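Asker: Before we start, here is the structure in question, set down as structure tokens.
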Amino acid sequence: MPIPHDPRQHNEPAPEDPTRFWERRYAESPQVWSGKVNPALAELADGITPGRALDLGCGEGGDSVWLATQGWDVTAVDISTVAIARGQAAAAAAGIDPERLHWVAADLTGWSPTSDYDLVSACFLQSPVALDRARILRAAASRIVPGGHLLIVSHAAPPPWASGLTGHDHHRVFFTPQQEIEALDAPEGEWEHLIVETRQRTATGPDGQSGLLDDAVVLLRRN
Ligand SMILES: C[S@@+](CC[C@H](N)C(=O)[O-])C[C@H]1O[C@@H](n2cnc3c(N)ncnc32)[C@H](O)[C@@H]1O
20 MPIPHDPRQH NEPAPEDPTR FWERRYAESP QVWSGKVNPA LAELADGITP GRALDLGCGE
80 GGDSVWLATQ GWDVTAVDIS TVAIARGQAA AAAAGIDPER LHWVAADLTG WSPTSDYDLV
140 SACFLQSPVA LDRARILRAA ASRIVPGGHL LIVSHAAPPP WASGLTGHDH HRVFFTPQQE
200 IEALDAPEGE WEHLIVETRQ RTATGPDGQS GLLDDAVVLL RRN
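Per our numbering, the sequence shown runs over residues 20 to 242.
Okay, structure coming up:
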């Protein structure tokens with residue numbers, strides 16, 4: 020029987036608690052993300068008839084607020100109460116009807132979707148600390164109605180400026196689109212694989228430098 024790895028015997032720091040990590044990350048600055056919708060979501064949701072949407076790891080709510088403005092009934096979930104409070108403030112500032120945008124502060128590891136969805140969106144649901152991402156995505160995908168969509172956008176590679184960052188400043192796990200599909204266990208008979216590709220976009224780094232980022236983009240439709 021393999022001997023379990025004990026970090027204490029290797030002088031490694033204990034793994035950080037995800038809630039504590041993300042609460043601290045958000046508390047460090049008044050705004051962490053741009054507040055704007057992710058471009059891939061804006062482009063790909065544009066052709067989908069609004070219904071019920073679930074935003075996994077919604078952060079400060081840029082995507083959720085945009086979805087609500089497009090007529091979606093949105094459930095937005097994030098582990099950080101600070102991020103959720105910022106999302107609520109952004110929604111109020113945008114004049115969103117609170118009945119159409121439901122905020123949930125919860126660790127997705129222990130949270131079960133409460134409804135069926137026409138769209139599940141996971142944009143950059145990635146973390147430098149523990150995250151049972153595959154299980155979370157599979158559980159959410161199982162609640163997508165026939166004809167409904169699953170959109171996953173993730174960092175496929177570290178940013179060009181990553182060598183200057185410490186381990187906790189950027190995500191250490193990256194996914195190719197094909198790895199996303201394998202982790203999901205979403206066979207083509209049950210799902211139409213509409214987009215499974217890597218896309219490049221220009222972004223600005225922490226010191227104002229410009230660079231190209233690789234995103235894995237996966238869009239599936241349930242048969
Ligand atoms: C890289 S951010 C992306 C935020 C947002 N989706 C966006 O695109 O701007 C990852 C988000 O996932 C959240 N998160 C990480 N682990 C989580 C978990 N176990 N349950 C719920 N949310 C989690 C973090 O709090 C953070 O807001």
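We put the CB at the ideal spot given by N, CA and C, even for glycine. A quick note: this is a predicted structure, and the numbers were derived from the prediction, not measured.
What does the Cβ neighbour count give for residue 75, buried or exposed, with the cut at 16 atoms within 10 Å?
Answerer: Counting from 1 along the sequence shown, the entry for residue 75 is found at position 56. So residue 75 ends up on the buried side.
Asker: Mapping DSSP to helix, strand and coil, what is residue 167?
Answerer: One-based indexing of the sequence shown puts residue 167 at position 148. Three-state result, residue 167: strand.
Asker: Could you tell me how far apart the beta carbons of residue 95 and residue 122 are, in whole angstroms, since I believe they sit closer than 8 Å?
Answerer: As a working note, residue 95 is residue 76 in the sequence shown. As a working note, residue 122 is residue 103 in the sequence shown. That belief holds up - the Cβ atoms of residue 95 and residue 122 are roughly 5 Å apart, short of 8 Å.
Asker: Once the 5 residues before and after residue 219 are set aside, which same chain residues still bring their CB inside 8 Å of it?
Answerer: Looking up residue 219 in the sequence shown gives position 200. Taken in chain order, the residues that qualify are 231, 232, 233 and 234.
Asker: Per DSSP, what kind of secondary structure is residue 245 in: helix, strand or coil?
Answerer: Nothing about residue 245 can be read from this structure; the chain reaches only from 20 to 242.
Asker: With distances taken from CA atoms, which of 72, 108, 92 and 73 is nearest residue 79?
Answerer: On the sequence shown, residue 79 is found 60 positions in, with the first residue counted as 1. Residue 79 has its Cα closest to that of 108, out of 72, 108, 92 and 73.
Asker: Check each candidate in 198, 84, 91 and 239 and name the one with the smallest Cα separation from residue 105.
Answerer: The residue you call residue 105 lines up with position 86 of the sequence shown. Out of 198, 84, 91 and 239, 84 has the C-alpha closest to the C-alpha of residue 105.
Asker: Do residue 193 and ligand 1 come close, with the Cβ less than 6 Å from some heavy atom?
Answerer: The residue you call residue 193 lines up with position 174 of the sequence shown. No, ligand 1 has no heavy atom inside 6 Å of this Cβ.
Asker: Tell me which residue opens and which closes the beta strand (DSSP E) that residue 216 is part of.
Answerer: By 1-based counting over the sequence shown, the position of residue 216 is 197. Taken as a continuous stretch (DSSP letters only), the beta strand (DSSP E) holding residue 216 covers 210-223.
Asker: Would DSSP call residue 51 helix, strand or coil?
Answerer: On the sequence shown, position 32 is the one that residue 51 refers to. The answer is coil: DSSP assigns residue 51 none of H, G, I, E or B.
Asker: Could you give the residue range of the beta strand (DSSP E) that holds residue 233?
Answerer: Position 214 of the sequence shown, counting from 1, holds the residue named residue 233. Note, residue 233: beta strand (DSSP E), 229-241.
Asker: Report all residues from its chain with a CB closer than 7 Å to the CB of residue 101; omit the five preceding and five following residues, and keep chain order.
Answerer: Here residue 101 corresponds to residue number 82 of the sequence shown, with the count starting at 1. Excluding positions up to five away in sequence, the list reads 42, 45 and 46.
Asker: Can you say whether residue 226 is buried or exposed, counting buried as having 16 or more other CB atoms within 10 angstroms of its CB?
Answerer: For the purposes of this step, residue 226 is identified with residue 207 of the sequence shown, where counting begins at 1. So residue 226 counts as exposed.
Asker: Is residue 235 near ligand 1, in the sense that its beta carbon is under 6 Å from a heavy atom of that ligand?
Answerer: For the purposes of this step, residue 235 is taken as the residue at position 216 of the sequence shown. No.
Asker: Count the other CB atoms, across all protein chains shown, that sit within 10 Å of the CB of residue 185; report buried if there are 16 or more and exposed otherwise.
Answerer: Walking along the sequence shown from the start, residue 185 turns up at place 166. In this prediction, residue 185 has a pLDDT of 48, which is less than 50 and means its spatial position is unreliable; what the coordinates show is noted afterwards. Under this definition residue 185 is an exposed residue.
Asker: From the DSSP output, in three-state form, read off residue 162 for me.
Answerer: Position 143 of the sequence shown, counting from 1, holds the residue named residue 162. Note: residue 162 maps to coil in three-state DSSP.
Asker: I think residue 87 touches residue 138, with their Cβ atoms under 8 Å apart; what is that distance to the nearest whole Å?
Answerer: In the sequence shown, counting from the first residue as 1, residue 87 sits at position 68. In the sequence shown, counting from the first residue as 1, residue 138 sits at position 119. Actually they do not touch by this definition, with Cβ atoms about 12 Å apart.
Asker: Between the alpha carbons of residue 72 and residue 192, how many angstroms are there, rounded?
Answerer: Working through the sequence shown from its first residue, we reach residue 72 at position 53. Working through the sequence shown from its first residue, we reach residue 192 at position 173. Going by the C-alpha atoms only, they are around 26 Å apart.
Asker: Along the chain, where does the beta strand (DSSP E) that runs through residue 104 open and close?
Answerer: On the sequence shown, position 85 is the one that residue 104 refers to. Run containing residue 104: none in the beta strand (DSSP E); it sits in the alpha helix (DSSP H), 100-112.
Asker: Quick one: is the Cβ of residue 226 within less than 6 Å of any heavy atom of ligand 1?
Answerer: The residue you call residue 226 lines up with position 207 of the sequence shown. Because no heavy atom of ligand 1 lies under 6 Å away, the Cβ of residue 226 does not count as near it: no.
Asker: Where does the unbroken beta strand (DSSP E) through residue 97 begin, and where does it stop?
Answerer: Here residue 97 refers to the residue found at position 78 of the sequence shown. Per DSSP, residue 97 belongs to the beta strand (DSSP E) from 92-97.
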